[in-house]
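Numbering (my numbering), first residue to last: 718 to 1328.
Structure, as structure tokens:
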């Protein structure tokens, strides 16, 4: 028995185009029902499962096995799984065909018609494989074999591994983002990057091609008619201009290069911000010397500049106070994967309705569709690399490779205002005594700045500051008044411990100096509450309120404590929703609020409002 999923978009899960920042008109969505088999004894490769015809089960892609949406149960200890489906040759003659997998955890081997055509390592970065040589006329058999493990030598974020902390959740294995095909020319556009400079009003583009090219690139930038039509009063005042809908175009010769840089002057720019998310449409065409179109991609950008000036984090030249919430990025039914596009949009709208202007995506590289909706709806994003927890050469190589790929994938999104490669020294526990671990953190900081100079980078969020553009701290307290004394003590002695706990770490490593950097409290709150009977396995910080009145009092007190911290330029509240045993969400996992939303919004939106 074999399965061939329907390709009509109306019958597919997650039918929307999966990479909104770089879109092509022609593509074939391969989501839907696939054949599936667990491989607990790891016999698949030797048994030739790449040619298997009798598959024992099925799964709904792109949902990970074991999730409700996948309709596929799995033994949680299984580390090898196999997928199979057929598809008809799309007959994109004289073009190359790319297989794209948004994300697949962790080691992925891909077979087409029995031939090994590519492999990938990493659970979060995108997979692109040229399958043209192995395509057959008519029906084609696609097999994907995936190997995962519980090893903490690989970046895995909050996925429970060989050991499980109270803050870890059930692990993910296999495909968890959309699978699709698209036709391209041998020379085609692989990625786009944008940078806007307020002083010159220039929009700079970097266009990466698949190989060196001697043709021409043409760029058109127009005002997105679906975006907000009026800029904020502050933005208008800062530039002294009126709304316009002009089109800006430029042509540039490629001159045998694979990386093309171009700049367009936007005379009267409409600026992107969380309060006014103005967007511009971008079309990029690649032409031969004879003027033949060989690639056309549609994209968009938001004109905004993120800087650190005079100890202040600024957006578009003005200080911004970040009211953030920690979001683990887990969803009902689909776990890592929302069941539909609306679920991501609704999460963003809920976040904003609670009074937040920022989301810290914690220990997960989020679906590009989430970033698209954050761009459209106006929500700033703190983008973080999922951590490993055992320092080794393997972790160094895998984290560096995957982080670079994710920065490249996401750097065009205006919503992302900061990169965070490490969290709380996870995987680099011994920076104070092992110089190579500190060198790794510092090295990734400088690598990130090399890849993208348009955003601040926080090398290690929470404590043990060594290098970075912001000084970020994690403080959990049972009373709001404690926050002020703790922060004052850390400001006077940045090299002291973050807390009085025996295992507490220093805020700043020796010879590092955060003086003059913006200070943010990027984890706080963590107040636990559940209307269910509290269980021993439940986790939150401090003592737990026993009713809603106590919960409101605790959140109000901590909110007032944050308001009193005049040195802060922002905070991140832990956390948006409950997830499994963690009950410190403002919302339950089903997205129902624990307190009335208007009460929560009144607390959080008023913090730092004088700034």
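In this text, a Cβ means the ideal position worked out from N, Cα and C, and glycines have one as well.
All values derive from a computational prediction rather than experimental measurement.
*Just checking, does the segment 1123 to 1139 make contact with the segment 1092 to 1109 on the three C-beta pairs under 8 Å criterion?*
Judged by Cβ distances under 8 Å, the segment 1123 to 1139 makes contact with the segment 1092 to 1109, as three or more pairs qualify.
*For the alpha helix (DSSP H) holding residue 1152, just list the boundary residues, first then last.*
Residue numbering aside, residue 1152 sits at position 435 when the chain shown is read from its first letter. Residue 1152 -> alpha helix (DSSP H) spans 1152 to 1168.
*Can the beta-carbon of residue 1070 be found less than 8 Å from the beta-carbon of residue 848?*
Position 353 of the chain shown, counted from the start, is the residue given in the question as residue 1070. Position 131 of the chain shown, counted from the start, is the residue given in the question as residue 848. Not closer than 8 Å, so no.
*Report all residues from its chain with a CB closer than 6 Å to the CB of residue 1083; omit the five preceding and five following residues, and keep chain order.*
Translated into the one-based positions of the chain shown, residue 1083 becomes position 366. Excluding residues within five positions, the ones whose Cβ falls inside 6 Å are 1046.
*So is residue 1021 buried or exposed if we call it buried at 16+ other beta carbons inside 10 Å?*
In the chain shown, counting from the first residue as 1, residue 1021 sits at position 304. Residue 1021 should be labelled buried.
*Check whether the segment 903 to 916 touches the segment 734 to 742, taking contact to mean three or more Cβ pairs, one atom from each stretch, closer than 8 Å.*
Yes, the segment 903 to 916 is in contact with the segment 734 to 742.
*Between residue 1056 and the rest of its own chain, which residues show a CB-CB distance below 6 Å, the 5 nearest in sequence each way excluded?*
Position 339 of the chain shown holds residue 1056. The answer, listed in chain order, is 786 and 1050.
*Start and end of the beta strand (DSSP E) containing residue 1316?*
Position 599 of the chain shown, counted from the start, is the residue given in the question as residue 1316. Element bounds for residue 1316: not the beta strand (DSSP E) but the alpha helix (DSSP H), 1314 to 1322.
*Who are the near neighbours of residue 1066 in its chain, counting only those whose CB is closer than 8 Å to its CB and skipping five residues on each side?*
Position 349 of the chain shown, counted from the first residue, corresponds to residue 1066. Excluding sequence neighbours, residue 1066 sits near 1094.
*Under the DSSP definition of a beta bridge, which residues are partnered with residue 858?*
Along the chain shown, read from residue 1 onward, the residue named residue 858 stands at position 141. In the DSSP output, where bridge partners are listed per residue, residue 858 has 803.
*From residue 843 to residue 1191, what does the alpha carbon distance come to, in whole angstroms?*
The residue you call residue 843 lines up with position 126 of the chain shown. The residue you call residue 1191 lines up with position 474 of the chain shown. Computed Cα separation, rounded: 31 Å.
_Between which two residues does the alpha helix (DSSP H) holding residue 915 run?_
For the purposes of this step, residue 915 is taken as the residue at position 198 of the chain shown. From DSSP, residue 915 is part of no alpha helix (DSSP H); its letter is neither H nor E.
_For residue 770 and residue 790, the rounded distance between their alpha carbons_ = Your numbering for residue 790 matches position 73 in the chain shown. Your numbering for residue 770 matches position 53 in the chain shown. Distance between the alpha carbons of residue 790 and residue 770: 21 Å.
_Sequence-distant residues of its chain with Cβ nearer than 8 Å to residue 1243 (five each side left out)_ = Sequence index remark: in the chain shown, residue 1243 carries index 526 (1-based). 1193, 1257, 1258, 1259, 1291, 1292 and 1301, listed in sequence order.
*Give a yes or no on whether the C-beta atoms belonging to residue 1110 and residue 1142 are separated by under 8 Å.*
Here the question's residue 1110 lines up with position 393 in the chain shown. Here the question's residue 1142 lines up with position 425 in the chain shown. At the C-beta level, residue 1110 and residue 1142 stay beyond 8 Å of one another.
*asked:* Quick check on DSSP: helix, strand or coil for residue 969?
replied: Taking the chain shown and counting its residues from 1, the one referred to as residue 969 is at position 252. Reduced to three states, the DSSP call for residue 969 is strand.
*Put residue 1208 into one of helix, strand or coil per three-state DSSP.*
To locate residue 1208, count along the chain shown from 1; it is residue 491. Here residue 1208 sits in helix by DSSP.
*asked:* Please report the distance separating the alpha-carbon of residue 913 from that of residue 1137.
replied: What you label residue 913 is simply residue 196 of the chain shown in a count that begins at 1. What you label residue 1137 is simply residue 420 of the chain shown in a count that begins at 1. Roughly 21 Å separates the two Cα atoms.
*Within 10 angstroms of its Cβ, does residue 784 collect 16 or more other Cβ (buried), or is it exposed?*
Taking the first residue of the chain shown as position 1, residue 784 is located at position 67. Buried, because 16 or more other Cβ atoms sit within 10 Å of the Cβ of residue 784.
*Run the CB neighbour count on residue 944, radius 10 Å, all protein chains shown included, and call it buried at 16 or more, exposed below.*
Here residue 944 refers to the residue found at position 227 when the chain shown is read from its first residue. Residue placement at residue 944 is flagged as unreliable, the pLDDT there being 45, under the threshold of 50; the coordinate-derived value follows with that caveat. Note on residue 944: 16 or more other CB atoms within 10 angstroms of its CB, so buried under the neighbour-count rule.
*Quick one: Cα of residue 985 to Cα of residue 816, how far?*
Stepping through the chain shown from its first residue, residue 985 is reached at position 268. Stepping through the chain shown from its first residue, residue 816 is reached at position 99. Each residue's Cα considered, the two are about 40 Å apart.
*Whole-angstrom C-beta distance between residue 830 and residue 858, which should lie under 8 Å*: By 1-based counting over the chain shown, the position of residue 858 is 141. By 1-based counting over the chain shown, the position of residue 830 is 113. With a beta-carbon spacing of about 5 Å, residue 858 and residue 830 fall inside the 8 Å limit used to define contacts.
*In this structure, does DSSP put residue 997 in helix, strand or coil?*
The count along the chain shown starts at 1 and reaches residue 997 at position 280. Residue 997 falls in the strand class under three-state DSSP.
_Beta-carbon within less than 7 Å of residue 949's beta-carbon, same chain only, minus the 5 sequence neighbours each way: which residues are those?_
The count along the chain shown starts at 1 and reaches residue 949 at position 232. Any reading at residue 949 needs caution, since the residue's pLDDT is 42, under 50, leaving its predicted position unreliable; the model's value is listed next. Only 990, 992 and 993 meet the Cβ criterion.
_Quick check on DSSP: helix, strand or coil for residue 763?_
Within the chain shown, residue 763 is the residue found at index 46, counting from 1. In the structure shown, residue 763 sits in coil (DSSP, three-state: anything other than H, G, I, E or B).
*Specify the secondary structure class of residue 890 as computed by DSSP and reduced to three states.*
Locating residue 890 in the chain shown gives position 173, counting from the first residue. Assigned with DSSP and collapsed to three states, residue 890 falls in coil, not helix or strand.
_Looking only at its chain, what residues have a beta carbon closer than 8 Å to the beta carbon of residue 928, apart from the 5 residues adjacent to it on each side?_
Looking up residue 928 in the chain shown gives position 211. The answer, listed in chain order, is 903, 904 and 975.
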